[in-house]
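Under UniProt numbering, read the sequence shown as residues 1 to 337, first letter to last.
Note that CB positions come from ideal geometry on N, CA and C, so glycine has one too.
Step one of this worksheet: look at the structure below.
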Amino acid sequence: MDLKNKLFDIHEFYNLSRYLFLNIEWDYNNFVKKTGITLPQLRVLWIIKIFEGISLGEIAKIGCWSPPTVTKILKLLMDKNLVVREETENKKLYTLNLTGAGHNLIEVNKMKKQDKAALIRLLSVINDEDLDFIIEILKSITLYSNNVFLFEYIKKLNELGLKVDFDDFNFEEKYKLKKLILFYNLLRTFVLNLANNHRNLLVPLKLTYPQLRILWIVDAFPGVTSVKLSKLAYLAPSTANIVVKKLYEKNLIYKEKSKLKNSLFLYISQIGEELLIKEFDVNQKSFLIYKDLQFISTVELPRLNQIMLKLNLTLKNDFVKEYIEKTFEVIKKNLVS
1 MDLKNKLFDI
11 HEFYNLSRYL
21 FLNIEWDYNN
31 FVKKTGITLP
41 QLRVLWIIKI
51 FEGISLGEIA
61 KIGCWSPPTV
71 TKILKLLMDK
81 NLVVREETEN
91 KKLYTLNLTG
101 AGHNLIEVNK
111 MKKQDKAALI
121 RLLSVINDED
131 LDFIIEILKS
141 ITLYSNNVFL
151 FEYIKKLNEL
161 GLKVDFDDFN
171 FEEKYKLKKL
181 ILFYNLLRTF
191 VLNLANNHRN
201 LLVPLKLTYP
211 QLRILWIVDA
221 FPGVTSVKLS
231 KLAYLAPSTA
241 NIVVKKLYEK
251 NLIYKEKSKL
261 KNSLFLYISQ
271 IGEELLIKEF
281 DVNQKSFLIY
291 KDLQFISTVE
301 LPRLNQIMLK
311 LNLTLKNDFV
321 KEYIEKTFEV
331 IKKNLVS
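Right under this line is the structure:
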């Protein structure tokens, strides 16, 4: 397989993985926020329940967050009386424990069969052979990233039934659903770790990771409205508007008025496209951000992408195929054959 095909297949795998992760995460977050909590906050509750006395740093490692992010989440959980910080005999140390309200909130937010959550909708469209194949690939990627503590977390998540009410499912469904939970958590770790690595590499270009993602979307879909952009990027409209404003100030995009209220047509500028190509040449063409994926064979990659596309289409991520093709058209023009 030549450089062009290898790059395309890995570019496709990462973007299919990323959009599948975002869809499942967005769907479940919309479910849990009805109970006055966010998905990251719920995830911290799960971690504390599973690992009594866990440190802030270990929570950050499992959740793929920075320690300051975990500190903010814990403060919110303590303000809501869902978590308490208790002193140990060593006055310099403390343990984190759930309150009764914290335990109850975990129960309330368990996915049930009738909820038709995104993860549950995948049950009927993927067979065990394909699921096992993807899990083994993602396990290998996770081992490369040295996040082995994650496996115990996922095992306990399933054993304790914290995420799903398994009573609603028959034996075969329960067995596959536990594998889907393993798959999703490995997928999440892969996507977030790669994004964090990529984010650090963008600093010399004075570009943030959300700015890069939105710049690619605007390039792939010329004339996209700001309203549509927030949906494609899986960002709140207010967040998308902030990112668009920054890109506009840097002359990386330009705008045209839309007939839709509070919406604009967005286009990438020549400077913006040149920056995308520069970033690609530095970080992606060199496989710098994909170093943990190089073990995947040229036979495995197309199969991975076929399965991941099927899962995306099941969850109505219909645009992802067009997005991948259009972004790679830009890349292809700048690759040496």
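Three-state secondary structure assigned by DSSP to residue i
i           : result
Tyr-290     : coil
Asn-251     : coil
Phe-265     : strand
Glu-256     : strand
Glu-300     : helix
Val-330     : helix
residue 345 : Not covered by the structure: residue 345. The range shown for the chain is 1 to 337.
Leu-96      : strand
Val-125     : coil
Asp-2       : coil
Among the options, the one whose alpha carbon lies nearest that of residue i
i           : options                               : result
Leu-42      : His-103, Asn-200 and Lys-178          : His-103
Lys-245     : Glu-52, Leu-264 and Leu-232           : Leu-264
Gly-161     : Met-111, Asn-97 and Leu-212           : Met-111
Ser-140     : Asp-292, Glu-152 and Gln-306          : Asp-292
Leu-150     : Leu-131, Leu-187, Glu-173 and Val-125 : Leu-187
Asn-81      : Ile-54, Leu-98, Ile-50 and Lys-333    : Leu-98
Tyr-28      : Ser-17, Pro-40 and Arg-18             : Pro-40
Thr-225     : Tyr-209, Glu-256 and Trp-216          : Glu-256
Asp-132     : Lys-179, Phe-166 and Ile-106          : Lys-179
residue 349 : Asn-251, Pro-210, Ile-181 and Ile-154 : Any question about residue 349 goes unanswered here, given that the chain covers just 1 to 337.
Lys-259     : Val-227, Val-243 and Ile-242          : Val-227
Lys-310     : Leu-7, Asp-2 and Ser-17               : Ser-17
Val-32      : Lys-321, Glu-107, Val-191 and Phe-21  : Glu-107
Tyr-184     : Ile-37, Phe-171 and Arg-121           : Arg-121
residue 339 : Leu-266, Leu-232 and Gly-272          : Missing from the structure shown is residue 339; the chain here goes from 1 to 337 and no further.
Asn-276     : Lys-321, Leu-304 and Leu-247          : The sequence given here places Leu at residue 276; Asn does not occur at that position. Looking at the Cα atoms, Leu-247 is the closest of the given residues.
Asn-305     : Phe-13, Phe-190, Lys-6 and Asp-165    : Phe-13
Thr-69      : Val-44, Val-83, Ile-50 and Asn-317    : Val-44
Asp-79      : Lys-333, Asn-30, Gly-36 and Lys-113   : Gly-36
Lys-231     : Leu-105, Lys-333, Arg-85 and Asn-317  : Asn-317
Val-191     : Leu-138, Tyr-153 and Glu-173          : Leu-138
Lys-333     : Glu-86, Asp-281, Asp-168 and Val-164  : Asp-281
Gly-100     : Asn-109, Val-83 and Lys-113           : Val-83
Leu-7       : Ser-297, Ile-242, Leu-22 and Arg-85   : Ser-297
Trp-65      : Thr-189, Arg-303 and Ile-242          : Thr-189
Val-164     : Glu-322, Phe-171 and Leu-177          : Leu-177
Asp-168     : Lys-113, Leu-22 and Glu-274           : Lys-113
Any non-hydrogen atom of the ligand COA within 7 Å of residue i CB
i       : result
Asp-165 : No copy of the ligand COA appears in this structure; indeed no ligand is present at all.
Neighbourhood of residue i by C-beta distance below 7 Å, restricted to the same chain and skipping five residues each side
i       : result
Ser-337 : Caution is warranted here: a pLDDT of 43 is assigned to Ser-337, below 50, making its placement in the model unreliable, and the coordinate value is therefore given only provisionally. Taken in chain order, the residues that qualify are Lys-4.
Phe-287 : Gln-294
Ile-24  : Ala-118, Leu-119 and Tyr-184
Lys-34  : none
Beta-carbon proximity list for residue i, same chain, < 8 Å, skipping 5 on both sides
i       : result
Ile-54  : Ile-47, Ile-48 and Leu-96
Glu-52  : Thr-95 and Asn-97
Pro-67  : Leu-56, Gly-57 and Ala-60
Glu-289 : Checking the sequence shown, residue 289 turns out to be Ile, not Glu. Excluding positions up to five away in sequence, the list reads Leu-194, Asn-197, His-198, Leu-201 and Asn-283.
Glu-279 : Leu-202, Leu-205, Leu-207 and Leu-212
His-11  : Gln-284, Ile-324, Thr-327, Phe-328 and Ile-331
Ile-253 : Leu-215, Val-218, Val-244, Leu-247, Leu-266, Tyr-267, Ile-268, Ser-269 and Gly-272
Ile-154 : Ile-181, Leu-182, Asn-185 and Leu-186
Ile-135 : Lys-179, Leu-182, Phe-183 and Leu-186
Thr-38  : Asn-29 and Val-32
Leu-105 : Thr-35, Ile-37, Leu-42, Leu-45 and Leu-82
Asn-109 : Phe-31, Val-32, Thr-35, Ile-37 and Leu-42
Sequence-distant residues of its chain with Cβ nearer than 6 Å to residue i (five each side left out)
i       : result
Asp-9   : Leu-301
Asp-130 : Ile-307
Val-320 : Tyr-19 and Asn-312
Phe-166 : Lys-174
Could you pull out every unbroken beta strand (DSSP E) segment of at least 3 residues lying fully inside the segment 169 to 232, listed in chain order? Listed in chain order, the beta strand (DSSP E) runs fully inside the segment 169 to 232 amount to none, counting runs of at least 3 residues.
Within 8 Å, do at least three Cβ pairs link the segment 109 to 122 to the segment 57 to 77? Because the criterion of three Cβ pairs below 8 Å is not met, the segment 57 to 77 and the segment 109 to 122 do not touch.
For the pair the segment 227 to 236 and the segment 187 to 205, tell me if three or more CB-CB distances fall below 8 Å. In short, these stretches do not touch, since the Cβ pair count stays below three.
At least 3 beta-carbon pairs within less than 8 Å: the segment 123 to 133 vs the segment 54 to 68: The answer is no - the segment 54 to 68 does not touch the segment 123 to 133, with fewer than three Cβ pairs under 8 Å.
Whether or not the segment 318 to 330 and the segment 216 to 230 are in contact is what I'm after, with contact meaning three or more pairs of Cβ atoms, one per stretch, closer than 8 Å; do they touch? In short, these stretches touch, since the Cβ pair count reaches three.
What are the complete alpha helix (DSSP H) segments, minimum 4 residues, inside the segment 132 to 161? Positions of the alpha helix (DSSP H) runs, each at least 4 residues long and wholly inside the segment 132 to 161, are given as 149 to 159 in order along the chain.
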